[in-house]
DNA sequence: ACGCATGTAGACAAATCTGTCTACATAGGG
DNA sequence: CCCTATGTAGACAGATTTGTCTACATGCGT
């Protein structure tokens, strides 16, 4: 997950979206006021409201943007890892280690959004659900076709979400060792199930 | 997790805390104003601020209260299940199924709090970390003493947190089937590791 | 040169939030 | 009877929030 702070002279909509992304992800959505986004993006209020008719619209755009950013990174990182040695679900370990080690890591934006809004913002909830489904789909792609493919991918996704949360709880300095160790044990258990039966 | 709505004539501090618990857990902390807690608890503003000098103090009291409530329920439910058939980590399945089936289920209050506040409220973060450590300790109690005890308990906790999050994402009507199926697969994998090596 | 897109700066309204304050009621102990 | 503790009701201050509005600047195509 690269930072998104290269936005010198892009069109205002992109500047706003990129700024909102960084602030929403770092500080939480509710904690981030529109005025702060406007000031940090260096646009005027009129410009902002011409691009996004309301804060809710910005939130939905943020979720789309984050989705594209994260899924893009995830697929790329998996590709990089499976080019190396790791096989099957085990690719997930170095990939997540890379993410958790990023100093900007603050958990999963979609988990955090559901935690903040629950079902009080249905469109946002739908976007979060869709994101997680896509993640499961990509994880399923690591597995050979077969009866257990979807079950194993769903279980691995449960483990990944758990590891994300545990990593979020750990101190920055620990680089999420507990989360990754737990995930490794889980994935090796799932591997046995997948290969042996 | 029982509801907490039996608070007719308790002392005001308990009424406030119980009301705050229900609102904070259901709607989120930031989304719940002090005025709403006050109105719903049926106390006056002066009374409220005599019991809790600030909203942050109420939040910390809420986390303590929720911790006691949840850990109490968790230990009791595990005891009930291990009295029956389930053994070791497998006790977790019916226990979590019971929780996820509760219509008031809205995920883990501590995960949600970390998602809302991150490290912007260090005392709250510390309370959340402490809660999760206690949860890992209880899970470790399900396992025989041995080299792998702590590793397996940590891994199971990762899986439990993941299942909580996935259950939170699922529709109310699904009773969190995906989360529980994934957790079951994970726990059976961990069981193999624990017993065989 | 004109008109229009697009931009900035910032006042403003209306709501909401936390926290303090005054004024008043009530019940129990000495 | 009176004092104090504990409670209610609600006004108020001050900050912050979202969203609208006016007034002005700048650049571009025709």
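Protein chains in written order, with the UniProt record's numbering: chain A, 1 to 197; chain B, 1 to 197. Even glycine gets a Cβ: it sits at the ideal position worked out from N, Cα and C.
Any chain A beta carbon closer than 8 Å to residue 32 of chain B: no
Does any C-beta atom of chain A lie closer than 8 Å to the C-beta of residue 139 of chain B? No, because no Cβ of chain A sits closer than 8 Å to the Cβ of residue 139 of chain B.
Residue 169 of chain A - DSSP class collapsed to helix/strand/coil: helix
Which residues mark the beginning and the end of the alpha helix (DSSP H) in which residue 135 of chain B is found? 122–140 is the extent of the alpha helix (DSSP H) around residue 135 of chain B.
Contacts that residue 116 of chain B makes with chain A (C-beta to C-beta distance below 9 Å): 28, 30, 31, 112, 115, 116
At a Cβ threshold of 8 Å, is residue 15 of chain A touching chain B? no
Within the chosen definition, does the region 137–155 of chain B reach the region 122–138 of chain A through at least 3 CB pairs nearer than 8 Å? When C-beta atoms of the region 137–155 of chain B are compared with those of the region 122–138 of chain A, fewer than three pairs fall below 8 Å, so the two segments do not count as touching.
Can you give me the C-alpha to C-alpha distance between residue 175 of chain A and residue 10 of chain B, rounded to a whole angstrom? C-alpha of residue 175 of chain A to C-alpha of residue 10 of chain B: approximately 46 Å in a straight line.
Length-filtered (4 minimum) alpha helix (DSSP H) runs lying within the region 51–124 of chain A: 55–83, 92–101, 109–117
Once you ignore the five residues that flank residue 106 of chain B on each side, which residues in its own chain have a CB closer than 8 Å to its CB? 25, 26, 112, 168
Name the chain A residues that come within less than 7 Å of residue 106 of chain B, Cβ to Cβ? 118
With a Cβ-Cβ cutoff of 8 Å, do residue 179 of chain B and residue 158 of chain A count as a contact? Contact flag set, yes.
So is the beta-carbon of residue 42 of chain B under 7 Å away from any non-hydrogen atom of the ligand HEM? Absent from the structure shown: the ligand HEM. Ligands present: none.
Check whether the Cβ atoms of residue 143 of chain B and residue 92 of chain B lie closer than 8 Å to each other. no
Going by C-alpha distance, which of B/195, B/98, B/22 is nearest residue 65 of chain B? When each option's Cα is compared against that of residue 65 of chain B, the closest is B/22.
Say whether the region 113–120 of chain A touches the region 188–195 of chain A, bearing in mind that this needs 3 or more beta-carbon pairs closer than 8 Å, one atom from each stretch. no
Within a Cβ cutoff of 7 Å, which residues of the same chain sit near residue 51 of chain A, ignoring the five residues on either side of it in sequence? 12, 13, 16
Judging by CA-CA distance, which residue of A/99, A/151, A/57, A/109 is the nearest neighbour of residue 177 of chain A? A/99
Below-8 Å beta-carbon distance, residue 169 of chain A vs any chain B residue: yes
Nonlocal neighbours in the same chain, by C-beta distance under 8 Å from residue 170 of chain B, ignoring five residues either side: 176, 177, 178, 179
Taking 6 Å as the limit between beta carbons, can you name the residues of its chain near residue 41 of chain B, skipping five residues before and five after? 15, 16, 19
CB contact check: residue 91 of chain B to chain A, cutoff 8 Å: no
C-beta neighbour in chain B for residue 203 of chain A, strict 8 Å: Since the displayed chain A opens at 1 and closes at 197, residue 203 of chain A lies outside it and no answer follows.
Can you tell me where the alpha helix (DSSP H) holding residue 12 of chain B begins and where it ends? 12–27
Could you check whether residue 60 of chain B and residue 124 of chain B sit closer than 8 Å to each other, using their CB atoms as the reference points? yes
So which residues of chain A does residue 58 of chain B contact, with C-beta pairs closer than 7 Å? Under the 7 Å cutoff, chain A gives no residues; its nearest Cβ is about 17 Å from residue 58 of chain B.
Alpha carbon to alpha carbon, how far is residue 103 of chain B from residue 83 of chain A? Residue 103 of chain B and residue 83 of chain A: Cα-Cα distance of roughly 45 Å.
Partners in chain A for residue 161 of chain B, counting only beta-carbon separations shorter than 8 Å: Contact of residue 161 of chain B with chain A by beta-carbon distance below 8 Å involves 161, 162, 165, 166.
In terms of residues, what are the limits of the alpha helix (DSSP H) holding residue 37 of chain A? 34–41
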